[in-house]
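Enquirer: Here you go, one structure.
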Amino acid sequence: MADCKNFSPSPEFEWLCNELFQKIYDTASNQHLIGKPVTVRYLEIITNFIKLWRSTVGNYIYPALRLIIPFRDRRVYNIKENTLIKALCRYLRLPRDSETENRLLRWKQRAARGVKLSDFCVEEIKKRQKDYEGTQKITIDELNGYLDEIKQEGNGKRMGYMALTDSKAFNYCLNHMKFTEMKFFFDIILKTRVISGQENKFLAAWHPDAVDYLSVVSDLDVLSKRLYDPTERLRQTDLSISLSHAFEPQLARRMHVSYERVASRLQQDFIIEEKMDGERLQVHFINYGEQIKYLSRRGVDFSYLYGESSASGPVSPFLKLHPNVKDCILDGEMITYDTKKDIVLPFGLVKSSAMNQIQSELGGIPPTESYKPLFVAFDLVYLNGKSLTNLDIKRRKTYLNKILEPVERSVEIIQYTKATNANEIKESLEQAISMGSEGIVLKQLGSHYSVASRNTDWIKIKPEYLEQFGENMDLLIIGREQGKKDSFICGLSVTDPDNATTTAKPKFISFCTIANGFTEEEFKEIERNTRGKWHTYSEEAPDPKILEFGTKLPHEWIYPEDSIVLEVKARALDNKESEKKKYRSGCTLYFGYCKQIRYDKDWKAVATFSEFEAMKDARNFYNKRKLHDVASSKKKSSKRAKIGILNVTESKRVDPPVSDIFLNYKFRVISDFFDPTKKRRISEEDMCTLILENGGKILYTSADSIEPEENFLIIGEKLTRECKTLVNANNVIIKPSWLFSCIEAGYKLPLMKSDIFAGEHKPSIENFQYTTDISEDTFDELLNAASSGLVEQDPIGDLPLVPLFLLHNLQIAVLHSENCSSALSMEMEFTVRCHGGQIVDSEEASIIVVLNDLTSKSVLSLLRKKIASKAVRESTDGTPRIPRIVDVSWVLDSVKSNCIAEIEKYQCF
1 MADCKNFSPS PEFEWLCNEL FQKIYDTASN QHLIGKPVTV RYLEIITNFI
51 KLWRSTVGNY IYPALRLIIP FRDRRVYNIK ENTLIKALCR YLRLPRDSET
101 ENRLLRWKQR AARGVKLSDF CVEEIKKRQK DYEGTQKITI DELNGYLDEI
151 KQEGNGKRMG YMALTDSKAF NYCLNHMKFT EMKFFFDIIL KTRVISGQEN
201 KFLAAWHPDA VDYLSVVSDL DVLSKRLYDP TERLRQTDLS ISLSHAFEPQ
251 LARRMHVSYE RVASRLQQDF IIEEKMDGER LQVHFINYGE QIKYLSRRGV
301 DFSYLYGESS ASGPVSPFLK LHPNVKDCIL DGEMITYDTK KDIVLPFGLV
351 KSSAMNQIQS ELGGIPPTES YKPLFVAFDL VYLNGKSLTN LDIKRRKTYL
401 NKILEPVERS VEIIQYTKAT NANEIKESLE QAISMGSEGI VLKQLGSHYS
451 VASRNTDWIK IKPEYLEQFG ENMDLLIIGR EQGKKDSFIC GLSVTDPDNA
501 TTTAKPKFIS FCTIANGFTE EEFKEIERNT RGKWHTYSEE APDPKILEFG
551 TKLPHEWIYP EDSIVLEVKA RALDNKESEK KKYRSGCTLY FGYCKQIRYD
601 KDWKAVATFS EFEAMKDARN FYNKRKLHDV ASSKKKSSKR AKIGILNVTE
651 SKRVDPPVSD IFLNYKFRVI SDFFDPTKKR RISEEDMCTL ILENGGKILY
701 TSADSIEPEE NFLIIGEKLT RECKTLVNAN NVIIKPSWLF SCIEAGYKLP
751 LMKSDIFAGE HKPSIENFQY TTDISEDTFD ELLNAASSGL VEQDPIGDLP
801 LVPLFLLHNL QIAVLHSENC SSALSMEMEF TVRCHGGQIV DSEEASIIVV
851 LNDLTSKSVL SLLRKKIASK AVRESTDGTP RIPRIVDVSW VLDSVKSNCI
901 AEIEKYQCF
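Read in our numbering, the sequence shown has 201 at position 201, and its numbers run on one by one without any break.
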């Protein structure tokens with residue numbers, strides 16, 4: 001058996017850079033020149049390096065491993081990008097706010113694919129000094145020593161650029177490193193990826209159990225000492241949790257099935273807990289509380305926030321454990337509690353509440369805020385040297401209640417109820433929703449604790465908010481089409497989450513292509529995180545057991561475990577026949593765009609095909625129910641809708657036309673129309689119908705392919721990107737009001753200068769005039785405008801004063817008490833309508849806006865109970881859909897900022 005030690009002195013850091021870092025960097029940068037699959041080349045580089053290390057250095061890889069995977073190294077430098085930039089400028093003796101400094105601070109705007117800050121930094125250093133030619137080379141061990149010094153100098157706080165520049169260790173490294181070493185040194189202290197995302201390949205090449213073992217211990221040193229011999233495999237018991245080491249916890253699975261099926265899946269024997277809105281943490285209680293660790297499921301240590309021993313911090317002193325408990329691990333949730341309002345606050349305030357408590361204790365002054373951290377324990381997985389993961393949850397709960405004494409508002413044990421059927425699930429869910437809770441978690445009583453698993457032993461049920469109910473999904477990037485602007489093929493998971501472990505092979509099927517919604521920075525961020533992980537489809541097709549595409553094939557594909565999750569939003573589902581074969585899922589999204597990159601999720605947390613099918617069925621049911629609600633009114637209406645300016649039919653079938661006002665004219669409608677005098681919005685679809693009803697034709701041509709021509713008119717009054725494209729192509733955009741003036745007059749009116757929204761119009765004598773007939777209403781409007789001194793100079797100035805689509809498609813109810821002024825309520829409803837929202841009753845609303853007189857706890861409680869009862873009763877797939885209840889300031893702030901305010905911050909509790 002090999003020994004876990006090195007027989008040679010530490011090699012130079014330059015050797016590590018040349019033999020591993022630079023070779024992988026060159027491979028990632030020049031994939032098209034390799035001549036073989038990039039994965040094969042990566043494995044060759046990694047395997048060759050490991051052979052060299054074992055044969056020339058030894059079997060202890062830890063000194064190099066913490067440099068190879070710096071983001072898993074436990075050292076915290078607290079050095080931000082801007083800090084490094086300013087420190088380097090000071091090192092180069094450049095003046096403050098120099099052109100170089102500003103250029104580096106804006107490096108992301110200039111960065112090409114795969115280029116990192118370290119590349120720009122070294123480029124600037126090269127301009128001002130020669131490469132190091134000295135004989136004093138820094139070894140790997142010496143570099144680790146200097147990094148330890150930098151960590152100590154930071155002292156757990158964010159290091160400023162002055163302190164970093166004055167750091168002896170930092171300066172020594174810069175003065176004794178070659179340019180190649182500097183680049184990777186900067187990557188290491190910034191905790192970015194050094195080997196282009198090939199960390200798992202490196203670990204697997206070092207030892208076949210390394211990837212799984214790291215998910216259990218989250219410690220590179222422990223891994224290196226335990227897995228030094230690749231021929232010695234771990235037992236299953238070795239892959240269990242241990243004290244002081246973070247592990248991936250068991251997660252609850254979300255199911256879109258009926259409550260009866262959920263109860264059956266849990267064998268009619270389960271407990272129900274409230275789902276907390278906080279941060280999942282595991283508390284490691286060590287040696288009777290002399291040391292306490294708060295570790296996240298990603299291995300981040302937050303002990304400095306909550307207390308590193310029983311004598312310090314805002315939480316640790318309140319961990320009252322039985323005197324016989326020497327060591328234990330509690331699994332739970334850290335939440336934020338408002339002591340004044342006696343409520344649990346949203347997730348985002350957890351860490352700030354802890355910092356608020358710490359600062360008040362250090363300063364000896366009362367806390368500036370009324371909220372504080374509160375730890376809620378719901379499981380006990382380790383006790384006095386023994387793992388309890390093989391015990392059923394009933395026994396673990398019993399032990400938890402015996403060893404931990406709750407302290408009100410500081411440390412509590414989650415309450416639970418035993419249940420056996422669907423009715424009890426419904427009752428608990430109603431109660432949770434009425435309290436404003438996130439939902440409930442159901443746990444099978446006989447189940448064991450499954451580390452790093454998400455299976456149906458634990459099932460979460462949470463309400464879905466109606467304003468989000470639609471095609472809003474977390475999808476995984478599985479393919480890429482390169483061009484001026486990249487487009488990404490995204491996929492749905494078809495892997496059974498019951499078997500989703502760290503070793504399970506994920507499988508995804510293509511679902512949609514997303515090209516819009518990305519910022520330049522997001523494009524670059526995706527490239528930086530996936531650089532070197534793409535495979536050319538024509539050279540190396542993916543295994544169909546992992547990825548399946550339809551007829552639309554990507555230029556490049558990526559393994560799911562190497563990819564990134566996008567939150568995608570779309571207007572609707574596209575079920576056209578032409579799309580069914582294009583994507584393996586059988587349908588796709590209509591007008592899909594990226595809302596944000598989900599850095600907090602991996603392939604296991606994305607939407608599954610079964611969930612998508614359930615959501616689609618639920619949406620169909622929801623739409624059918626809404627249609628059924630208005631069926632009686634439709635039956636009463638005539639077979640043919642009345643055609644008029646204020647009563648536009650929704651149908652595009654026009655046979656025969658009502659008039660020939662627009663005969664021989666073609667139209668392209670590019671925006672809605674809001675009539676401020678009649679307080680009414682008319683959609684693009686309605687205007688198209690109106691044109692067809694009066695003899696015109698509609699063209700659905702893209703902006704890029706439209707050429708100016710006679711008898712072709714473009715209608716719109718919003719300066720969108722499409723509008724600008726059309727204007728740049730010498731097209732003229734005509735205001736929608738001209739259409740309605742023509743219909744009101746009964747004939748096609750000549751175009752006036754005031755009818756032009758944008759574009760330079762060069763009229764001929766017969767189609768352009770400076771005089772026209774006007775109605776009495778129009779004449780009154782002109783007189784009012786003249787008396788007010790309103791003179792239109794710029795056609796763009798004709799834009800409506802309100803953002804017309806701000807609240808588009810949102811169904812909003814405005815609630816107030818009898819004591820509230822009706823004028824205030826009417827004003828709020830008018831504001832909602834003017835911005836595209838629809839005012840409805842509270843039972844139909846997706847958002848309920850409550851005026852200030854209805855924000856009392858008792859009134860909100862009654863409202864939530866009513867909503868909860870209705871939502872749970874009508875849910876057919878185990879996912880109740882409820883409206884948001886928000887304060888009136890949500891509407892006011894949205895209007896003020898001209899964008900939808902983050903609705904979670906305005907919820908009424």
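Glycine residues also receive a C-beta, built at the ideal position from the N, C-alpha and C atoms.
1) Going straight from the alpha carbon of Val-791 to that of Ile-756, what length do you get?
2) Could you work out which residue in Asn-171, Phe-488, Tyr-906, Tyr-62 is closest to Ser-10 when comparing CA atoms only?
3) Taking 8 Å as the cut-off, decide whether the C-beta atoms of Gly-491 and Lys-595 are in contact.
4) Within 10 angstroms of the Cβ of Met-276, are there 16 or more other Cβ atoms? Answer buried if so, exposed if not.
5) Under the DSSP definition of a beta bridge, which residues are partnered with Met-182?
6) For Ile-45, tell me which candidate among Ile-79, Lys-201, Ser-242, Ala-87 has the shortest Cα-Cα distance.
7) Are there 16 or more other CB atoms within 10 angstroms of the CB of Ala-541, so buried, or fewer, so exposed?
8) Please state the DSSP three-state secondary structure of Asp-675.
9) Return helix, strand or coil for Phe-13, following the three-state DSSP convention.
10) Who are the Cβ neighbours of His-628 in its own chain at under 8 Å, not counting the five residues just before and after it?
11) According to DSSP, is Phe-912 helix, strand or coil?
12) Report, in whole angstroms, the separation of the C-beta atoms of Tyr-382 and Ile-241, which I expect to be a contact under 8 Å.
13) Since Asp-148 and Arg-74 should fall inside the 8 Å C-beta cutoff, what is the C-beta to C-beta distance between them, to a whole number of angstroms?
14) Spatial neighbours of Tyr-416 within its chain, please: C-beta separation below 7 Å, excluding the five flanking residues on both sides.
15) Please report how far the alpha carbon of Val-115 lies from the alpha carbon of Leu-719, in whole angstroms.
16) Could you check whether Gly-532 and Thr-28 sit closer than 8 Å to each other, using their CB atoms as the reference points?
17) If you drop the 5 nearest sequence neighbours on each side, which residues of the same chain put their C-beta closer than 6 Å to that of Leu-84?
18) Counting beta carbon pairs with one atom in the region 440 to 457 and one in the region 375 to 393, are three or more of them shorter than 8 Å?
19) Short check: CB of Ile-459 to CB of Ala-205, under 8 Å?
20) Let me check one thing: in DSSP terms, what residues is Cys-742 bridge-paired to?
21) So for Val-895, helix, strand or coil by DSSP?
22) In three-state DSSP terms, what is Thr-420?
23) Within the same chain, show all residues whose beta-carbon is closer than 7 Å to that of Thr-831, passing over the 5 residues directly before and after it, in chain order.
24) Does the beta-carbon of Asn-6 have 16 or more other beta-carbons within 10 angstroms, so that it is buried, or is it exposed?
25) Roughly how many whole angstroms lie between the Cα atoms of Asp-675 and Leu-429?
26) Within the continuous alpha helix (DSSP H) that includes Ile-715, where are the two ends?
27) Quickly, what does DSSP pair Ser-493 with across the bridge? List them, please.
28) Once DSSP output is grouped into helix, strand and coil, what is the label at Asn-4?
29) Per DSSP, what kind of secondary structure is Glu-430 in: helix, strand or coil?
30) Quick one: give me the first and last residue of the alpha helix (DSSP H) that Gln-596 is part of.
31) Sorted by chain position, which residues of the same chain lie with C-beta nearer than 6 Å to Leu-20's C-beta, five sequence neighbours on each side aside?
32) Thinking C-alpha only, which one of Lys-320, Tyr-583, Ser-258 is nearest Tyr-288?
33) If you draw a straight line from the C-alpha of Lys-402 to the C-alpha of Asn-324, how long is it?
34) Per DSSP, what kind of secondary structure is Asn-694 in: helix, strand or coil?
35) Considering only DSSP beta bridges, list what Leu-404 is partnered with.
36) Within 10 Å of its beta-carbon, does Thr-689 have 16 or more other beta-carbons around it, so buried, or fewer, so exposed?
Expert: Considering the structure as presented:
1) Summary for Val-791: the model assigns pLDDT 42, below 50, so the residue's position carries little reliability; its value from the coordinates is reported in the next sentence. Roughly 15 Å between the two C-alpha positions.
2) Tyr-62
3) no
4) buried
5) Beta-bridge pairing links Met-182 to no other residue.
6) Lys-201
7) exposed
8) strand
9) helix
10) Because the pLDDT of His-628 is 49, which lies under 50, any placement of that residue in the model is unreliable, and the number read from its coordinates should be weighed accordingly. By the criterion of a C-beta distance shorter than 8 Å, His-628 is surrounded by no residue of its chain, once the five residues flanking it on both sides are discounted.
11) Any property of residue 912 remains undetermined from this structure, which presents the chain solely from 1 to 909.
12) 6 Å
13) Actually they are not in contact, since the Cβ atoms of Asp-148 and Arg-74 sit about 11 Å apart, beyond 8 Å.
14) Ile-271, Ile-272, Glu-273
15) 35 Å
16) The sequence given here places Ala at residue 28; Thr does not occur at that position. The answer is yes: Cβ separation under 8 Å.
17) So no residue of the chain qualifies.
18) Three or more Cβ pairs drawn from the region 375 to 393 and the region 440 to 457 lie within less than 8 Å of each other, which places the two stretches in contact.
19) no
20) Paired residues: none, contrary to the question.
21) helix
22) Residue state, collapsed to three classes: coil.
23) Counting only Cβ-Cβ distances below 7 Å, and skipping sequence neighbours, we find Val-891, Val-895.
24) buried
25) Straight across, the Cα-Cα distance linking Asp-675 with Leu-429 is about 44 Å.
26) DSSP places Ile-715 in no alpha helix (DSSP H) but in the uninterrupted beta strand (DSSP E) bounded by 712 to 715.
27) Phe-508, Thr-608
28) In the sequence under discussion, the amino acid at residue 4 is Cys, which differs from the Asn named in the question. The answer is coil: DSSP assigns Cys-4 none of H, G, I, E or B.
29) helix
30) Gln-596 -> not in any alpha helix (DSSP H); beta strand (DSSP E) instead, spanning 593 to 598.
31) Phe-49
32) Lys-320
33) 11 Å
34) coil
35) DSSP output for Leu-404 lists Leu-321 as bridge partner(s).
36) buried
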